[in-house]
Amino acid sequence: MRIQGRSDIPLNDTGRGQAVAAVGALSPYDWDFLVSSPLSRAAETADLIAEGLGLTVTQRVPSLVERDYGLAEGLGAGAELEALREPGGPTGNGGFRGAETEGDVADRGVGALRMLALDYPGARIIVVSHGTLIRLSLMRVLDRPIPTIANAALTVAQSGPAGWTLDILNGEVLEPVR
């Protein structure tokens, strides 16, 4: 598996199948609209979900793009990738030389979520983005570790007066956590 990051890799047939399957997970809930990252793999995923749910993608939000992995983008596991690794960060995984830090990714993602919450109060929005951005943003607003975000899996977080809650993670219903 290679690090994709901000490289605009198109959605493949597996991803299209995951997007269509996500419609089934999303359909029991009431949604108002979708937004997505402008990267083509997320944009196509959002378009497929919107079509399946009879909704509209209202905007492509630039701050929802995946983490910039710098020189590590396109590399798979191995010595070349490890030579670029830098320690630290909230997950302990650190980052890669020349890459966006985990903290910067979380700041950007949380900023996008806050903007959506302010611009569309009370709206039920499907946000189609990327695993690392989603994971780091949720870790920041919830102040708890999140090990992974599965591709096209339902994760439901809500913003309210008391802060953020996480109700569903990777398709599993949770006890609400703030």
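Numbering (full-length UniProt numbering), first residue to last: 1 to 178.
Where a beta carbon is used, it is the ideal one built from N, C-alpha and C, also for glycine.
- Query: For tryptophan 31, which residues does DSSP report across the bridge?
  - Reply: Beta-bridge partners assigned by DSSP to tryptophan 31: none are found.
- Item | Given alanine 112 as reference, the closest of Thr101, Ile125 and Glu100 once Cα atoms are compared | Ile125
- Task: Look at the alpha carbon of alanine 162 and the alpha carbon of alanine 117, and state the distance between them as a whole number of angstroms.
- Result: For alanine 162 and alanine 117, the distance between alpha carbons rounds to 14 Å.
- Item | Counterpart residues of alanine 155 in DSSP-defined beta bridges | Checking the sequence shown, residue 155 turns out to be threonine, not alanine. In DSSP, threonine 155 forms no bridge with anything.
- Check whether the Cβ atoms of aspartate 68 and glycine 131 sit closer than 7 Å, and answer yes or no. No; because the gap between Cβ atoms is not below 7 Å, this pair is not in contact.
- Query: When the Cα atoms are used, what is the spatial distance from alanine 46 to phenylalanine 96?
  - Reply: Roughly 29 Å between the two C-alpha positions.
- Whose CA, out of Ala42, Leu84, Leu169 and Leu136, lies closest to the CA of glycine 103? Leu136
- How many angstroms separate the CA atom of alanine 42 from the CA atom of aspartate 30? 21 Å
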